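Residue numbering for the sequence shown is 161 to 275, as defined by our numbering.
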Amino acid sequence: QVQLVESGGGLVQAGGSLRLSCAASGNIFSGNTMGWYRQAPGKQRELVASITSGGSTNYADSVKGRFTISRDNAKNTGYLQMNSLKPEDTAVYYCKISSRSYMYWGQGTQVTVSS
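Put into C-alpha cells, the structure is as follows:
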C-alpha cells in the first residue's frame with residue numbers, strides 16, 4: 161500500500177512564499193509522474209505542475225515563473241516551491257503519483273494567501 165503525505169501548507173500574505181512537500185511511502189517504482197493539483201472552493205481540481213521521473217516539467221500558465229516543481233527520486237519525495245503568492249492561489253493542494261499501472265493521491269494541504 162502506498163501513502164502520500166503532503167506538508168508545508170499554511171497561511172501567508174500575498175507576495176510570500178511556501179514550500180510544499182509530498183513524501184511517498186510504500187512500493188513506488190520508477191517511471192512515474194508526480195503532479196501537484198489544487199482545488200479552490202466551488203471550483204474543479206486543476207493541475208498546477210507535474211514532473212516526470214526524468215525531470216521533465218509542466219506548469220499551468222497561472223503559475224509559470226512563480227512556482228517550481230522538483231523531486232528527489234532517492235527519497236520518493238516531491239516539492240512545490242511557491243513564490244510571489246497571490247490570493248487566487250488559495251486552495252487545497254494535492255499531490256499525485258501516477259504511472260501506467262497505478263495512481264495515488266495525497267490527503268491535501270491547505271494554502272491560504274491573504275491580501
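For every residue, glycine included, the Cβ atom is placed at its ideal position computed from N, Cα and C.
Quick caveat, the model's predicted, so the values are computed rather than measured.
Consult DSSP for residue i and reduce its assignment to one of helix, strand or coil.
i, result
"Ala-183", "strand"
"Ala-200", "coil"
"Ser-216", "coil"
"Ser-275", "coil"
"Ser-210", "strand"
"Val-165", "strand"
"Ala-234", "helix"
Output needed for residue i: all residues of its chain with C-beta closer than 6 Å, excluding positions within five of it in sequence on either side, in chain order.
i, result
"Thr-217", "Ile-211 and Ile-229"
"Gln-199", "Arg-205, Ala-251 and Val-252"
"Leu-169", "Leu is not the amino acid found at residue 169; the sequence shown has Gly there. Within the same chain, Gly-169 has close Cβ partners Thr-269, Gln-270 and Val-271."
"Ser-259", "Gly-191 and Asn-192"
Report, in whole angstroms, the separation of the C-beta atoms of residue i and residue j, which I expect to be a contact under 8 Å.
i, j, result
"Gly-266", "Val-165", "6 Å"
"Met-242", "Asp-249", "7 Å"
"Ala-234", "Ala-220", "27 Å between Cβ atoms; not a contact."
"Pro-247", "Ser-274", "7 Å"
"Gly-186", "Val-223", "Gly-186 to Val-223, Cβ: 29 Å. No contact."
"Tyr-130", "Lys-256", "Residue 130 is absent from the model: the chain starts at 161 and stops at 275."
Leaving out the 5 sequence neighbours to the left and right, which residues in its chain are closer than 8 Å to residue i when beta-carbon positions are compared?
i, result
"Ser-177", "Gln-241, Met-242, Asn-243, Ser-244 and Leu-245"
"Asn-236", "Ala-183, Ala-184, Ser-185 and Ile-188"
Got a sec: is the Cβ-Cβ distance from residue i to anything in chain C below 8 Å?
i, result
"Val-252", "Annotation note: the requested chain C is absent from the structure, which comprises a single protein chain."
DSSP puts residue i in a beta bridge; with which residues?
i, result
"Tyr-262", "Answer is none; Tyr-262 lacks a bridge partner."
Within a Cβ cutoff of 7 Å, which residues of the same chain sit near residue i, ignoring the five residues on either side of it in sequence?
i, result
"Leu-207", "Gly-195, Tyr-197 and Ala-220"
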